[in-house]
Amino acid sequence: MRTTFSRFDYIDAARDTGARFAELVRGVTDPEVRVGPTPGWTVTDCLGHVASAPAHHLELVRGEGSWASSATDLPGFNAKQIANLPTRDVNALADTLLEDLAELLDVVEHFGARVPMMHFHGGRRIRSDAALGLLIGEFVVHGHDVARVVGAPWEIDPHVATLVVRGRHQILPGWLGDSCTGHSATYDIRLRGCSERFTFQFTDGELEIDPPEPRRADVHVSVDPVAALLTGYGRMPQTWAALTGRSFAWGARPWLAASLYRRFLPA
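Just so you know, we're using the numbering used here here: the sequence shown kicks off at 513 and counts up by one.
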């Protein structure tokens, strides 16, 4: 049985990871150092991008704001966002992040039984509470990016990684790359250390996640939750996850596992 996550699981994780990210960037001595793998962003650019996310999420929750209708348009959307930052002061941006995050989490906490849907990049409509998994992903992954370049510690909680993986499921069918064209295969994916297990079923280039009656799996994958998150965001090669024992594939077509996350557009 899969783990059941409540909105409060997402809220607590977003509050904690947002605070950790803000603390990390406040301690960077040279905020103009380049961060990889990003589109040539500095730490300040990365912070500005992340600091803008809570307010943008809140706009989308309220049925306002704008979004990239196609995932291929997202780099341009992000570049415009960074170019129009109201300040490049690290402390001011970190303050904005935490203040806007607190407002967003208060709104989500007071949702009634009927959770509103919201538009998101890639033309998807998704649950507003589970969308926090995507916001947490911004904090965790860009925290990982910044920490690597400045040599700071940055631990990723497997439970938090699982929340991000689950949140991404809402958008992945709209984030398919050209390598998915004509692709048909069924992947049985199991996250280690928890009951999380899901199916990716590709049919002639279209993806359905957890179909009610899935086909027989072509490949089974057992993967550490943190490795699943980092490979999903292009921060860890799938081959490296396999060589270090953090991912293992078997079944009729085990080689498919090595290229799974390359079938999606970069986040």
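The beta carbon of each residue, even a glycine, is placed where N, CA and C say it ideally should be.
Taking all protein chains shown into account, decide if residue i is buried (16 or more other Cβ within 10 angstroms of its Cβ) or exposed.
i	result
GLU718	exposed
ASN590	buried
LEU604	In the sequence as presented, Leu is not what sits at residue 604; that position holds Ala. By the neighbour-count rule (16 or more Cβ atoms within 10 Å), ALA604 is not buried but exposed.
GLU725	exposed
ASP716	exposed
GLU544	exposed
VAL561	The sequence shown places His at residue 561, not Val. Flag for HIS561 reads buried.
Nearest-angstrom Cα distance between residue i and residue j?
i	j	result
ALA567	PHE714	34 Å
VAL485	ALA526	Only positions 513 to 779 of the chain appear in the structure, and residue 485 is not among them; the question remains open.
THR698	SER691	15 Å
LEU559	GLY645	18 Å
ARG600	HIS633	25 Å
VAL761	ILE648	First, the residue type needs correcting, since residue 761 is Ala and not Val in the sequence shown. Straight-line Cα distance between these residues: approximately 27 Å.
LEU651	GLN593	Note that residue 651 is Phe in the sequence shown here, rather than Leu. Roughly 17 Å separates the two Cα atoms.
ILE638	SER578	15 Å
ALA673	VAL540	24 Å
SER759	PRO598	42 Å
TRP752	THR743	9 Å
Could you give the C-beta distance for residue i and residue j, rounded to a whole number, given that I count them as a contact under 8 Å?
i	j	result
PRO587	PRO551	6 Å
LEU741	VAL658	Their Cβ separation, rounded to whole angstroms, is 16 Å, which puts LEU741 and VAL658 out of contact at 8 Å.
ILE782	VAL620	Residue 782 is absent from the model: the chain starts at 513 and stops at 779.
ARG704	ASP669	Not a contact, Cβ separation roughly 14 Å.
Take residue i as the anchor and find which of the options has the nearest alpha-carbon.
i	options	result
GLU571	HIS631, ILE648, ALA563	HIS631
ARG775	ARG639, TYR745, TRP752	TYR745
ALA642	LEU613, HIS681, ASP669, GLY763	HIS681
ARG660	MET748, SER640, CYS706	MET748
PRO685	VAL540, ALA563, TYR773	TYR773
GLY757	VAL738, GLY763, PHE712	VAL738
ASP700	PHE710, HIS656, CYS706, SER564	PHE710
ASN596	GLY577, ALA614, SER564	SER564
VAL555	ALA531, HIS656, GLY624, THR515	HIS656
VAL662	LEU610, ASP542, PHE517	ASP542
Count the CB pairs spanning the stretch 722-734 and the stretch 763-775 that are closer than 8 Å, and state whether there are at least three.
-> Short answer: they touch.
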